[in-house]
Amino acid sequence: MPGHQEVDATFRKVAWRLVPILMLAYVLAFIDRGNVGFAKLQFMGDLHFSEATYGLGGGLFYLGYSVFEVPSNLWLARIGARTTLLRIMVCWGLCSAALAFMTAPSHYYILRFMLGAAEAGLFPGVLFYLTTWIPPSRRSQFTALFMSAIAISGIVSGPLSGAILGGADGLLGLKGWQWLFIIEGLPSALTGIVVYFVLADSPQTAKWLSAREVGIITAELQSEANAGQRQRQHNFGAALRDRRLYILCGMSVGLIAGGAGIPLWLPTILRGTGIHEPLALGLFSAIPYIVAVAAQQVIARSSDRLGERRWHAAVPTLLCAIGWLLLPQAMGHPWMAIALLTVMTVGYLGATGPFWTMPSLYLSGSAAAGGIAMITTCGGIGAFFAPTLVGWMTTATGSLTYGLYVYGAMMAFGALVMLVGTNSTGSVSATAHVHEGNLR
Numbered sequence: 002m003p004g005h006q007e008v009d010a011t012f013r014k015v016a017w018r019l020v021p022i023l024m025l026a027y028v029l030a031f032i033d034r035g036n037v038g039f040a041k042l043q044f045m046g047d048l049h050f051s052e053a054t055y056g057l058g059g060g061l062f063y064l065g066y067s068v069f070e071v072p073s074n075l076w077l078a079r080i081g082a083r084t085t086l087l088r089i090m091v092c093w094g095l096c097s098a099a100l101a102f103m104t105a106p107s108h109y110y111i112l113r114f115m116l117g118a119a120e121a122g123l124f125p126g127v128l129f130y131l132t133t134w135i136p137p138s139r140r141s142q143f144t145a146l147f148m149s150a151i152a153i154s155g156i157v158s159g160p161l162s163g164a165i166l167g168g169a170d171g172l173l174g175l176k177g178w179q180w181l182f183i184i185e186g187l188p189s190a191l192t193g194i195v196v197y198f199v200l201a202d203s204p205q206t207a208k209w210l211s212a213r214e215v216g217i218i219t220a221e222l223q224s225e226a227n228a229g230q231r232q233r234q235h236n237f238g239a240a241l242r243d244r245r246l247y248i249l250c251g252m253s254v255g256l257i258a259g260g261a262g263i264p265l266w267l268p269t270i271l272r273g274t275g276i277h278e279p280l281a282l283g284l285f286s287a288i289p290y291i292v293a294v295a296a297q298q299v300i301a302r303s304s305d306r307l308g309e310r311r312w313h314a315a316v317p318t319l320l321c322a323i324g325w326l327l328l329p330q331a332m333g334h335p336w337m338a339i340a341l342l343t344v345m346t347v348g349y350l351g352a353t354g355p356f357w358t359m360p361s362l363y364l365s366g367s368a369a370a371g372g373i374a375m376i377t378t379c380g381g382i383g384a385f386f387a388p389t390l391v392g393w394m395t396t397a398t399g400s401l402t403y404g405l406y407v408y409g410a411m412m413a414f415g416a417l418v419m420l421v422g423t424n425s426t427g428s429v430s431a432t433a434h435v436h437e438g439n440l441r
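Counting the sequence shown from 1 gives a position; my numbering is that position plus 1.
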């Protein structure tokens, strides 16, 4: 029997091999889905788009993402991670770069929808991929490491986007916002090719693992499965009949929709406080993510150490909700706005690691691929309607204030569902009702 040190060393080796390339893919994904928030500062005037147009296009990404999410991940279970990620990254990189050449709202709508459709499957696909490598007791930290790419993308994207907007404007006859989409889009397509050659589809096909290391990984996965942390193999049809899946879907509506609003509106919010120079906007926008990348790891480690998921997900989600609701009071006060944006970003990203560990506590096999994708799909539907509504409200009222309240309410809804639908470990009660005693 291998000792704890040998087991830990094996999973450290797995982490160093898998996490950096998966993080790079996710950093690029969030840069490409969120850079529209910075490009907006210029193309709104150049193309004469309204806030309603911007909000609808921002949301259409998530509609495309949602429509193609489940099919993409059911297909992943058949063809493997490498081929799936190659297809996803090449397609989304080209779609992102193509936004540089839009001239009308219809182009914007179509390309944002296509970008979401192309990227569909990346996140739940990686979560499913990790279930074939990492046992549940270690998975929250791995998930948080991977998802720290969201914060890293914010740290990188803000200053980079600000520098491109200010420094490349007029180069070769193109606007700064056009260069932003080109420079930040094409590397994703190239990285997809690299991912294909670096990843292995499973421990059994990884040439960089010894036979003993493969045995350790397999034994750890099986041991925790037998202990009940991963339950019987499901097919996707069985998962659809399990009410626990729908509780998780309810959680994701608030968490994903509320969190997705941060990159879409953060540059606009900062500009509304009086910061106008592109590079300064980019630098200030990185502050919330710098704090969040550290806080996210602290929360995930605490969640794994205590074996507790519900409060580690619900409390940060509530913090994010409070930040959204207080943000209108910070307009005209840059540092107050940055402080609240930091609280929001810490809350959203801090909740993601514990929350995304919950589905794999009872889903496995093809149900894990399809079920996780369905959970993300529901969140994506919320993320479509939220910016669409916020953009319309902003155009109608001339103020973003009421839209910020929409995001706050959605995050509060997500936290409420977490509290009433899960127990203290994050397991979802198969017979959960609001009035039952499952708030342990």
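Glycine included, each C-beta is placed from N, C-alpha and C at the ideal position.
DSSP three-state assignment for residue 165, whether helix, strand or coil
DSSP places residue 165 in helix when its eight states are reduced to three.
Practice prompt. Return helix, strand or coil for residue 90, following the three-state DSSP convention.
Written response: Helix, per DSSP.
According to DSSP, simplified to helix, strand and coil, what is residue 76? Annotated three-state conformation of residue 76 is helix, per DSSP.
### Query
Closest to residue 74 by CA distance: which of 58, 130, 96 and 409 is it?
Per the Cα distances, 130.
Helix, strand or coil for residue 83 per DSSP? Residue 83 falls in the helix class under three-state DSSP.
Worksheet entry | Span of the alpha helix (DSSP H) around residue 179 | Residues 177-199.
Outcome for residue 174 when other beta-carbon atoms lying within 10 angstroms are tallied against a minimum of 16:
Result: exposed.
Work out the CA separation of residue 5 and residue 151 for me, nearest whole Å. Roughly 31 angstroms separates the two Cα atoms.
Where does the unbroken alpha helix (DSSP H) through residue 464 begin, and where does it stop?
Because the chain is modelled from 2 through 441, residue 464 falls outside the range shown and cannot be assessed.
Checklist line | Inter-stretch contact (C-beta, 8 angstroms, three-pair minimum) for the region 162-178 and the region 42-49 | finding: In this structure the region 162-178 touches the region 42-49; the number of beta carbon pairs closer than 8 angstroms is three or more.
Query raised in the report: Can you tell me the Cα-Cα spacing of residue 207 and residue 358, whole angstroms?
Result: In a straight line, the C-alpha of residue 207 is about 24 angstroms away from that of residue 358.
Judging by CA-CA distance, which residue of 102, 377, 421 and 65 is the nearest neighbour of residue 257?
The candidate whose alpha carbon is nearest that of residue 257 is 377.
message = Assuming residue 242 is part of the alpha helix (DSSP H), what are its boundary residues?
response = Segment: none, residue 242 is in no alpha helix (DSSP H) and carries neither H nor E.
Determine the contact status of residue 33 and residue 286, defining contact as a CB-CB distance below 7 angstroms. Taking 7 angstroms as the Cβ cut-off, residue 33 and residue 286 do not qualify as a contacting pair.
* Under three-state DSSP, which class holds residue 352? -> The DSSP-derived three-state label of residue 352 is helix.
Open item on the list: For the region 214-225 against the region 269-286, do three or more pairs of beta-carbon atoms, one drawn from each stretch, fall closer than 8 angstroms, so that the two count as touching?
Closed with: Segments in contact, no.
Cut-off 7 angstroms between Cβ atoms - residues of its own chain near residue 165, not counting five sequence neighbours on either side: Take residue 165, set aside five residues on each side of it, and the residues of its chain with a beta-carbon closer than 7 angstroms to its own are 177, 180, 181 and 184, in chain order.
*asked:* Using CA atoms only, rank isn't needed, just tell me which of 345, 249 and 270 is closest to residue 290.
replied: Here the closest residue by C-alpha is 345.
Worksheet entry | Alpha-carbon spacing of residue 191 relative to residue 251, whole angstroms | CA-CA distance, residue 191 to residue 251, rounds to 36 angstroms.
Review point. What do you reckon, are the CB atoms on residue 193 and residue 87 nearer than 7 angstroms?
Key: Yes, the pair counts as a contact, with Cβ atoms nearer than the cut-off.
Please return the same chain residues whose Cβ sits closer than 7 angstroms to the Cβ of residue 124, not counting the five positions on each side in sequence. Excluding five sequence positions before and after residue 124, the CB atoms of its chain that fall closer than 7 angstroms to its own CB belong to 377, given in chain order.
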